[in-house]
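First comes the structure, then the notes that go with it.
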Amino acid sequence: MAIKIMYFVHGTTTDNAAKLCSGWKEAMLNDLGREQAENLGNISRERGDKFDVMFTSDLKRAIESGNIAFPEIEKINDSRLRECNYGVLDGEHKSLVIYEEHVKTPFPSGESLEDVEKRMREFVSYLQT
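Its first residue numbered 328, the sequence shown is counted upward by one per residue in the numbering used here.
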């Protein structure tokens, strides 16, 4: 069975607008984020994209983005699709979140980028079963 994956990010959140990295902290879409999600859905439909199912992370910003962009598509929320857990830096200024320092080394009380990669691999493996 062939699987076609399209990747879309959530719309702008209140944290993004304030130059904060949310990580696993809940952050809500702002007006721009809701507009971006609506535009994404419109562009996708204009292109003729067809989806059998949509998987989103289980964080509110991803769920809301998916619901706005693609209200007609079945959605499954999965925690493996969360962005990186920055640990104590969740919700802190983006200048403090230095990815290059955390490829192998987890963020304090968080995870490394390799940990995120492992979650993504597990998710893709789940899709193939």
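Note that CB positions come from ideal geometry on N, CA and C, so glycine has one too.
Coarse secondary structure for residue i, derived from DSSP in three states
i           : result
residue 428 : helix
residue 447 : helix
residue 386 : coil
residue 404 : strand
Residue i versus the options, residue with shortest Cα-Cα distance
i           : options            : result
residue 367 : 343, 350, 337      : 337
residue 376 : 363, 397, 358      : 397
residue 395 : 369, 403, 404      : 369
residue 416 : 333, 348, 332, 331 : 348
residue 334 : 453, 452, 447      : 447
Proximity of residue i and residue j at Cβ, strictly below 8 Å
i           : j           : result
residue 432 : residue 408 : no
residue 342 : residue 418 : yes
residue 353 : residue 387 : yes
residue 340 : residue 363 : no
residue 450 : residue 379 : no
residue 411 : residue 428 : no
Environment of residue i [buried if 16+ CB atoms lie within 10 Å]
i           : result
residue 360 : buried
residue 350 : buried
residue 455 : exposed
residue 420 : exposed
residue 392 : buried
residue 423 : exposed
residue 389 : buried
residue 329 : exposed
Report yes or no: do the stretch 440-447 and the stretch 383-398 share at least 3 C-beta pairs separated by less than 8 Å?
no
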